[in-house]
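Read through the structure below, which is laid out as structure tokens, and then see the notes.
There are 2 protein chains.
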Amino acid sequence: MVDGTRTSCQRCPIRHNAVCCLCDERELAFLDRIKSYRTVANGEYLGRANQRMSHVSTIVSGVALITRSLPDGRQSNVGLLLPSDFIGRPGRSRSVFDIRARSELLLCCFQRQDFEALLQRSLHVNRRLLEITMDELDAARLWMSVLGRKTSSERVASFILFLFANNARLNERRVRDVDQKLWIPLSRLDMAEFLGLTLETVSRRMSELRRDRLIDCFGPRVVRVRDYAGLVQAAAA
Amino acid sequence: MVDGTRTSCQRCPIRHNAVCCLCDERELAFLDRIKSYRTVANGEYLGRANQRMSHVSTIVSGVALITRSLPDGRQSNVGLLLPSDFIGRPGRSRSVFDIRARSELLLCCFQRQDFEALLQRSLHVNRRLLEITMDELDAARLWMSVLGRKTSSERVASFILFLFANNARLNERRVRDVDQKLWIPLSRLDMAEFLGLTLETVSRRMSELRRDRLIDCFGPRVVRVRDYAGLVQAAAA
DNA sequence: CGGGGCTTTGACACGCCTCAACGATTGTGG
DNA sequence: CCACAATCGTTGAGGCGTGTCAAAGCCCCG
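Just so you know, the protein sequences line up as chains A and B, in that order.
Numbering follows the working numbering, in which position 15 of the first sequence is assigned residue number 15; successive positions increment by one, without gaps.
Just add 237 to wherever you are in the second sequence, counting from 1, and you've got the working numbering.
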């Protein structure tokens, strides 16, 4: 499970966004000592609701979903995890949700206890983790308003814009750099479970956005934003 | 705006749940010096989306809502703030959401800069704030699954159980202490905006829960959980 | 006694879900 | 290289749950 590859934190591709991004050289040296890499296959669970989690980790590459299932099997995706996102709860040994890889995944892991010890010593890690968590909280609440009040068309448009903004952030590009093709990392079913819809409705609304000339499609998982302002309008953003 | 009343932190009613709950005597003494109390009238905004917030605060008593409104006026409530809940974002001067008092409110306030300085010095405050934020994040994600996948009956039942659990926590009672009457701190419209429904649907589903003998009602804002297990079932929890 | 705000209830409409069939793509084995 | 199956996506027809609109009830307070 533990991958032999050891990249120095200095050369880490997510160094400037992750939980370690405020660290100085001494702290990075320490992280280098206690970290380990791990790869996870598409579809595998990184953790399950109420299950013990011995590690916390950061996604180096790949995509994962935070999901919840109701007793009768209905599912929803309540979070999308992309490179530089943090997984785990210092101070809690159990996760509240399932976490599932949606592509091959490379993780930078710490023993939970090591990481908790680090939190006691490093204000930099502390501050950054708080920042990350508050950003996630804001994002979750924004999404609550999408699920609570938007129509199916607006939800799908909002999701595309969400991916678009994230893509821009990860690639340090400006939001309005439109000509870029956008990889949708989820199937229609996963999108539906994120949007509180059925996969059929998601598909219909994607077709609609295409007919309305707001996006171009290159296969079901690649889109280009054709009319950014129009898409913002359609998302009721 | 600033209220003269000064209660010692030692005698504060929310001392054991709030952001200060891990503090030792020295830290409390410091908090005592930099805090101030403020009362807010029902209906007033404590902050608005994109507006500067000079203070962070903790609710001592009363109820507030975190809300978002779409450009066309649709509204949703994305968070319910009760005594001991924390308001504000150290590290960010602007709120993402509107925050609105839903009853007379008593707040324990700190200048944002004072509080940020405190975070640099006190691991206790740091740790507790992280804990609070992570709990809120889990709660928000749980609620996302309610909004994404539950029917109107299930949502209303879930909301009652949510109030019930919160009530138990604040009063340090066990969850199954059922005979207690429960004060619903929101109007039907506020509930609807929390549940992603219309006020009419909320009203219908409340009547339904009463007809099904899962709750007793004493006016529109007071209920008693009559069949806890049945309610859990009805909530698809 | 009357007015205003909130809640409840009813009738109807509409958006999304359900069920079903078809299409596109990819990988596999003959 | 093609036949075939498997998986995923698209499209269509019809039903159901929740929204919309309207009216009446309740309660507080003047």
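We treat Cβ as the ideally placed atom computed from N, Cα and C, and that holds for glycine.
Here the structure is a predicted model, which means the values were calculated and not measured.
Item	Value
Using a threshold of 7 Å, state whether the C-beta atoms of asparagine 403(B) and leucine 419(B) are closer than that.	no
For arginine 52(A) and chain B, any beta-carbon pair shorter than 7 Å?	no
Less than 7 Å between C-beta atoms, sequence neighbours within five positions excluded: which residues of the same chain meet that for serine 390(B)?	Arg442, Glu445 and Ala471
Verify the CB distance criterion: does aspartate 138(A) have a CB-CB separation below 7 Å to chain B?	yes
Using CA coordinates, which residue listed in Arg392(B), Cys454(B) and Gly385(B) is at the minimum distance from serine 76(A)?	Gly385(B)
Helix, strand or coil for alanine 394(B), going by three-state DSSP, please let me know.	helix
Report the neighbours of methionine 191(A) on chain B: residues whose CB is nearer than 9 Å to its CB, in chain order.	Within 9 Å Cβ-Cβ: nothing; methionine 191(A) doesn't reach chain B, min ~12 Å.
I'd like the list of long-range same chain contacts for valine 146(A), defined as Cβ closer than 7 Å, with 5 residues on each side in sequence excluded.	Arg155 and Ser158
Is there at least one Cβ from chain A nearer than 7 Å to glutamate 209(B)'s Cβ?	Coverage of chain B is limited to positions 238 through 474, which leaves residue 209(B) absent and any answer about it impossible.
Decide if serine 57(A) is buried, meaning its Cβ has at least 16 other Cβ atoms within 10 Å, or exposed.	buried
Arginine 331(B) and methionine 290(B) look like a contact to me (Cβ under 8 Å); what is the Cβ gap, rounded to whole Å?	7 Å
Please determine, among Gly91(A), Val40(A) and Ala237(A), the residue with the shortest C-alpha to C-alpha distance to asparagine 126(A).	Gly91(A)
Report back the beta-carbon spacing between alanine 49(A) and leucine 105(A) to the nearest angstrom; my notes put them in contact at under 8 Å.	Incorrect: roughly 19 Å between the Cβ atoms, too far for contact.
Would you verify that the beta carbon of arginine 205(A) is, or is not, closer than 7 Å to some beta carbon of chain B?	no
Note the first and the last residue of the continuous beta strand (DSSP E) segment covering serine 294(B).	292-298
Short of 6 Å in beta carbon distance, which residues of its chain neighbour leucine 22(A), apart from the five on each side in sequence? Order them along the chain.	His124 and Arg128
Apart from the five residues on each side of it in sequence, which residues of its chain come closer than 8 Å, Cβ to Cβ, to glutamine 348(B)?	Ile271, Ser291 and His292
For glutamate 116(A), would you say it is in contact with chain B, using Cβ-to-Cβ distances shorter than 7 Å as the test?	no
I'd like the list of long-range same chain contacts for alanine 338(B), defined as Cβ closer than 7 Å, with 5 residues on each side in sequence excluded.	Val277, Ala278, Asn279, Gly280, Glu281, Leu283, Gly299 and Ala301
At least one CB of chain A closer than 7 Å to the CB of asparagine 254(B): is that the case?	no
Which residues in chain B sit within 7 Å of valine 56(A), going by Cβ to Cβ distance?	Ordered by position in chain B, no residue passes the 7 Å Cβ test against valine 56(A), which lies about 12 Å from the chain.
Beta strand (DSSP E) containing threonine 67(A): first to last residue?	64-69
Spatial neighbours of cysteine 109(A) within its chain, please: C-beta separation below 6 Å, excluding the five flanking residues on both sides.	Ser36, Arg38, His55 and Ser57
If we ignore side chains and look at the alpha-carbon of each, how far apart do valine 232(A) and proline 308(B) end up?	11 Å
Taking valine 509(B) as the reference, give the member of Ser321(B), Gly310(B), Gly316(B) and Gln288(B) with the closest Cα.	Only positions 238 to 474 of chain B appear in the structure, and residue 509(B) is not among them; the question remains open.
If you draw a straight line from the alpha carbon of glutamine 120(A) to that of arginine 89(A), how long is it in whole angstroms?	15 Å
Along the chain, which unbroken stretches of the alpha helix (DSSP H) at least 4 residues long are found entirely within the stretch 60-120 of chain A?	none
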